[in-house]
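Numbering (mature numbering (1 follows the signal peptide of the UniProt record, and there is no 0)), first residue to last: -21 to -1, 1 to 578.
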Amino acid sequence: MRQFSLYVAVLLMMGVIRVCAQTNVGTLEGALGWGETDVKKKIAHLDEGRYITSGLDVSNKHIQLSGSKYTEIQPDGTASQKAIFIGKDSYISLQNLRFKTDINLVAIVEMNSNMVFIDNTLIGITISNCFEVDGGELILSNLKLEFENIDERRISNLVNFGKLGGNLHVLKTSIVNVLVHGDRPLFGDRVESEISLTNCKFNQVHIDNSSTSNLIVNIIISQKVFIQDCTFINVENALEGGVVNSLNSNGNLLVVGSLFQRCHNTKHITEGVSNKEYHTDIVTGDAIFSDDTFEYCSSQDFGGSISFISNGKLSIKDVSFRSSTSYGGKGGAIYFEGNGELSLNDVSFKECRSLGQLIGQGGAIYIEGNGYHTIRYALFTYCQVSGKEISEGGTIYSKGGKNKIIDISIKQSSALITEYSLSNIDTDQSSSLGGGIMAIYWLNESVISDISFTSCIAGSGGGIYMDSTSDRIKFSNVRFYKNIASVSGGGAIFAQNTNMIQLSYNKFSDNQAYGSEYGNDLHFGGFALIDGNINLDQVQRDTIQNCESTSLEPRLCINEYGCLQGWIIDDQNEHMTTWNVFFVLIQPYLTIIKTKEIE
């Protein structure tokens, strides 16, 4: 009997111990000994299993938790607080844990608090509303997502910001094959915040069009954004747009060493409405792109890769754009609007297109504003602009401001009017202007220097079309080779009047205009008369200095006056005859013979 009682006692004791063990493992509070002592710092490793919690107030505490492969923390559903972890002046480190996200937030990172979230997994049917940053700092590293319904990988608003804003850093995280649900970005929904993405990958991130408007920002919206060594592939509306769009929040954006491939902006616009009606909130914000690559990006709006609408500064250096397309018809790769500063340095554009339904402007770049615009050391190849009614600037459309375009090459660029129907009648190209560049309202001190235009084509101004300027624009050391004005004049240059340009040391080769009344190299829409008198000698001195050409005459014509031969002289180096070449080759031998005769 005594043995039986001892056996029962042992069983009861074992039962008590087992229950206690289950209790300690079963609740997060029990595992941490929460409330037993007022210890400010707790470090714990949690074994595999599920830990239920009603939420922890971590104010003024330092907590480090790590788990095993299947350590899961889940709210009990009765918590009065919004998050599992909440509190001011805290430091929380969580590693290798799993969190259910369908009930409470994982954490609210409040004032003067830091949370480090490493190698953790978020679980849910739709993974959303996981963190709130309200005055603190959150670091997400190698964040993993696990969807309970693998056929619908839905995600929305992982992190939002409270009234106090804060800092968010996302590191080494891959988000692949997900559908963004709801009109909220993945990271951030306010401007009072700073966000950085480093070494992250986003692949096949699409919008659930059944639940969102086409204006949603898919990845990130914030006042200050830093992106380094990230990859965006097949992403819709990344960073507010096809890739980047509308920095209208007095913010700063820095993108370094990142790849954007097949990204698309689904934002729709309606042609015929003034662009100002879409962007009435132009303020000040700056953006820098350095050592980045954009491939096959597109936009239903303006700017196939970058749309910058701000009175701030946009700087782009060591960046390549390939096959960027604007279906809105403005800026195949870049759309810039505002009175700020644009700087492009060491950039390349290949096969960029601006495809407008009615109006197309800027096959690669669209610029509008009265600020400073500098493009230096750039290569443009196979860029194109098209529209059914108007097509301007096969590579660059620039309206307003002080423009300095230096050391660039534009090859095989075109401005085309597209057909209304499939008829065999050739489309009228009279409204296709500036096969390479379209210039409007350029201000004094604008310069075009050390540029080459090769095989560019438009109805008028195969190389460049000068519509209006405040003073003479200087062209120096510019080369025009095999450019075509298909229906009018100016195979190389069309200028509205003779007071708009000053050409110095430019070379023209084999440029063509449509007919004998149009200048193959240069065509003017008319004279700029001040007192009603025309002094041709003065016009020639003011307009053309030390320029040479191999194009056929007439090289220069003026509307309602006619063509003026000899204003652009023959390029003697290009036009050496066979006898000239022969004489040069035998000259050393003639010198030897003459010397021997003297002896």
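Ideal Cβ positions, reconstructed from N, Cα and C, are used throughout, including at glycine. Keep in mind that this is a model prediction, so the values were computed, not measured.
What did DSSP end up calling residue i once you bin it into helix, strand or coil?
i, result
"residue 95", "strand"
"residue 529", "coil"
"residue 9", "helix"
"residue 332", "strand"
"residue 519", "helix"
"residue 291", "coil"
"residue 314", "strand"
"residue 379", "coil"
"residue 598", "The displayed coordinates of the chain run from -21 to 578. Any statement about residue 598 would go beyond what the structure contains."
"residue 514", "coil"
"residue 414", "coil"
"residue 500", "coil"
"residue 319", "coil"
"residue 506", "coil"
"residue 236", "coil"
"residue 215", "strand"
"residue 371", "strand"
"residue 27", "coil"
"residue 15", "coil"
"residue 130", "coil"
"residue 548", "strand"
Mind reading off the beta-carbon distance from residue i to residue j? Whole number of angstroms is fine, and I expect it under 8 Å.
i, j, result
"residue 308", "residue 333", "6 Å"
"residue 459", "residue 440", "Rounded, the Cβ-Cβ distance is 11 Å, inconsistent with contact."
"residue 274", "residue 245", "At roughly 19 Å, the Cβ-Cβ gap does not stay under 8 Å, so residue 274 and residue 245 are not in contact."
"residue 54", "residue 34", "7 Å"
"residue 167", "residue 139", "7 Å"
"residue 137", "residue 158", "In fact, because the Cβ distance is near 14 Å, the residues do not count as touching under 8 Å."
"residue 124", "residue 134", "7 Å"
"residue 280", "residue 237", "About 21 Å separates the two Cβ atoms, so there is no contact after all."
"residue 86", "residue 63", "6 Å"
For residue i, write down the residues that DSSP places opposite it in a beta bridge.
i, result
"residue 324", "296 and 355"
"residue 43", "22 and 72"
"residue 135", "107"
"residue 394", "364"
"residue 185", "158"
"residue 620", "Shown here, the chain extends from -21 to 578; a query on residue 620 therefore has no answer."
"residue 147", "117 and 174"
"residue 301", "274 and 329"
"residue 54", "32"
"residue 542", "536"
"residue 88", "66 and 112"
"residue 231", "203 and 265"
"residue 77", "51 and 100"
"residue 142", "DSSP, once it has assigned bridges, lists no residue as partnering residue 142."
"residue 244", "278"
"residue 407", "Residue 407 pairs with nothing; no bridge assigned."
"residue 387", "357 and 430"
"residue 153", "180"
"residue 339", "370"
Apart from the five residues just before and just after residue i, which ones in its own chain have a Cβ nearer than 8 Å to its Cβ?
i, result
"residue 493", "464, 465, 466, 467 and 468"
"residue 500", "459, 469, 470, 471, 472, 487, 490, 528, 530, 534, 535 and 547"
"residue 36", "60, 65 and 66"
"residue 484", "455, 456, 524, 525 and 526"
"residue 19", "39, 40 and 41"
Note down, in chain order, each residue of its chain lying with its Cβ closer than 6 Å to the Cβ of residue i, except the 5 sequence neighbours on either side.
i, result
"residue 72", "43 and 95"
"residue 14", "none"
"residue 267", "233 and 294"
"residue 142", "none"
"residue 177", "150 and 207"
"residue 351", "320 and 381"
"residue 118", "95 and 148"
"residue 46", "25, 75 and 76"
"residue 6", "31"
"residue 146", "116 and 173"
"residue 127", "104"
"residue 205", "175 and 233"
"residue 411", "370, 394, 395, 396, 437 and 438"
"residue 120", "97, 150 and 151"
"residue 154", "181"
Give every residue of the same chain whose Cβ lies closer than 7 Å to the Cβ of residue i, excluding the five residues on either side of it in the sequence, and list them in chain order.
i, result
"residue 324", "296, 355 and 356"
"residue 38", "66, 67, 68 and 69"
"residue 563", "Low confidence applies to residue 563: its pLDDT is 40, below 50, so where it sits in the model is not reliable, and the reading given next is rough at best. If we look at residue 563 and ignore the five residues flanking it on each side, it has no Cβ neighbours."
"residue 360", "329, 390 and 391"
"residue 373", "342, 362, 363, 364, 392, 393, 394, 413, 414, 415, 435 and 437"
"residue 132", "126, 156, 157 and 158"
"residue 420", "378, 379 and 447"
Q.
For a minimum of 3 consecutive residues, which ranges assigned as the beta strand (DSSP E) are wholly contained in the region 420 to 492?
A. Runs found: 426 to 433, 443 to 445, 452 to 455, 458 to 460, 472 to 474, 480 to 483 and 486 to 488.
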